[in-house]
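Enquirer: Before I ask anything, let me first share the structure, which is written out below as structure tokens.
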Amino acid sequence: MDREQVVRRIEEIGIVPVVRAPSGELAVRAARALCAGGIEVVEITMTVPDALSVMREIASRMRDHVLVGAGTVLTADAARRCIEAGAEFIVSPGLDLEVIRAAHDLGRAVFPGALTPTEVITAWNAGADTVKLFPCSAMGGAKYLRALRAPLPEVKMMPTGGVNLTTARDFIEAGAVALGVGGELVDAAALAAGKDEVLTERAREFMSVVSAARAELKNSARS
Numbered sequence: 000m001d002r003e004q005v006v007r008r009i010e011e012i013g014i015v016p017v018v019r020a021p022s023g024e025l026a027v028r029a030a031r032a033l034c035a036g037g038i039e040v041v042e043i044t045m046t047v048p049d050a051l052s053v054m055r056e057i058a059s060r061m062r063d064h065v066l067v068g069a070g071t072v073l074t075a076d077a078a079r080r081c082i083e084a085g086a087e088f089i090v091s092p093g094l095d096l097e098v099i100r101a102a103h104d105l106g107r108a109v110f111p112g113a114l115t116p117t118e119v120i121t122a123w124n125a126g127a128d129t130v131k132l133f134p135c136s137a138m139g140g141a142k143y144l145r146a147l148r149a150p151l152p153e154v155k156m157m158p159t160g161g162v163n164l165t166t167a168r169d170f171i172e173a174g175a176v177a178l179g180v181g182g183e184l185v186d187a188a189a190l191a192a193g194k195d196e197v198l199t200e201r202a203r204e205f206m207s208v209v210s211a212a213r214a215e216l217k218n219s220a221r222s
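Next comes the structure, spelled out in structure tokens:
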């Protein structure tokens, strides 16, 4: 996929699971379990042991089913290494203009982190494909997203932090193009216990909530 196709596919799915696991094996299992539940995208954070190898494995063995991205990318060099390992998109917890440039130079989508209006505007003007609003819950969650969207309707935002099955609908209604979801979806305890089906079922639940919220918005727009 090219950069635009990757962004479009992530928006279609509507959820980006943030995988933080204590081992590469568990991270790969998480990707498979989430895919089985209908979420065909995964963000492997650089905090996962041997994260680059995990990206390579998913990119090579699951390319037809899972879109793999790199998370917690802090430098331009790290972005380049992740892309070499097969990452189709780059996600950062903060705003680093060099990371944006490095990703775009290699034709990859990039979701830099931002929180304040100034950071969001700077990220968008620098070419961010989507702005990761993080940590969104610390600023009021969906209410904060809605407040930002009012003066910045053209900016695509993906809230991360505080997104769960209870709040997901509110974030979609507030204007999120996708949701970044961590531990509420990627249950580390379930993985460690060998209960991968817990992630699969939770993935289905998140997909159902997002789908229903989007359908309601579409129906409201028509009426």
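Oh and the sequence shown: position 68 is 67 in numbering that gives the first Met the number 0, straight run, nothing missing.
Just so you know, even glycine gets a beta-carbon here, dropped at the ideal spot from N, CA and C.
Could I get the ranges of all uninterrupted alpha helix (DSSP H) runs contained in the stretch 74-117, with 4 residues as the minimum, in chain order?
Expert: Here the runs fully enclosed are 75-83 and 96-104.
Enquirer: Is it buried or exposed for Ser91, if we count other Cβ within 10 angstroms and need 16 for buried?
Expert: It is buried - the Cβ of Ser91 has at least 16 other Cβ atoms within 10 Å.
Enquirer: Under a three-way DSSP split, which group does Leu25 fall into?
Expert: The answer is helix: DSSP assigns Leu25 an H, G or I state.
Enquirer: Starting from Glu42, trace the beta strand (DSSP E) in both directions and tell me its first and last residue.
Expert: Unbroken beta strand (DSSP E) run through Glu42: Val40 to Thr44.
Enquirer: What are the boundary residues of the alpha helix (DSSP H) that includes Met61?
Expert: Careful: Met61 lies outside any alpha helix (DSSP H) and carries neither H nor E.
Enquirer: To the nearest angstrom, how far is it from the Cα of Val197 to the Cα of Gly139?
Expert: Going by the C-alpha atoms only, they are around 29 angstroms apart.
Enquirer: Starting from Ala167, trace the alpha helix (DSSP H) both ways and give me its first and last residue.
Expert: Counting along the chain, the alpha helix (DSSP H) containing Ala167 begins and ends at Ala167 to Glu172.
Enquirer: Can you tell which of Arg31, Asp95, Ala102 and Gly68 has its C-alpha closest to the C-alpha of Ile9?
Expert: Measuring from the Cα of Ile9, the nearest candidate turns out to be Gly68.
Enquirer: Please report the distance separating the alpha-carbon of Cys81 from that of Asn163.
Expert: Their Cα atoms are separated by approximately 28 angstroms.
Enquirer: Taking Val17 as the reference, which of Pro152, Ala212, Tyr143 and Lys131 has the closest Cα?
Expert: Of Pro152, Ala212, Tyr143 and Lys131, the residue nearest in Cα terms is Lys131.
Enquirer: Can you have a look at Asp63 and say buried or exposed, based on whether 16 or more other CB atoms are within 10 angstroms of its CB?
Expert: The residue in question, Asp63, is exposed, as its Cβ has fewer than 16 Cβ neighbours within 10 Å.
Enquirer: Which word fits Pro21, buried or exposed, when buried means at least 16 other C-beta atoms lie within 10 angstroms of its C-beta?
Expert: By the 10 Å Cβ count, Pro21 comes out exposed.
Enquirer: Only counting the same chain, and skipping five residues up and downstream in sequence, which positions put a Cβ closer than 7 angstroms to that of Ala78?
Expert: Closer than 7 angstroms at the Cβ level, and outside the excluded window around Ala78, lie Val72, Ile89, Val98, Ala101 and Ala102.
Enquirer: Considering Cα atoms alone, identify which of Met45, Val41, Arg107 and Phe170 is closest to Leu144.
Expert: Closest option to Leu144, Cα to Cα, is Phe170.
Enquirer: Determine the contact status of Gly37 and Arg203, defining contact as a CB-CB distance below 7 angstroms.
Expert: Taking 7 angstroms as the Cβ cut-off, Gly37 and Arg203 qualify as a contacting pair.
Enquirer: How would you call Thr165, buried or exposed, if buried means at least 16 neighbouring beta carbons within 10 angstroms?
Expert: Classification of Thr165: exposed, given that the 10 Å Cβ count is below 16.
Enquirer: State the DSSP-derived secondary structure class of Val197, mapped to helix, strand or coil.
Expert: Val197: helix per DSSP, three-state reduction.
Enquirer: Which residues in the same chain have their Cβ closer than 8 angstroms to the Cβ of Lys142, if we skip the five residues on either side of it in sequence?
Expert: Hits under 8 angstroms: Ala173.
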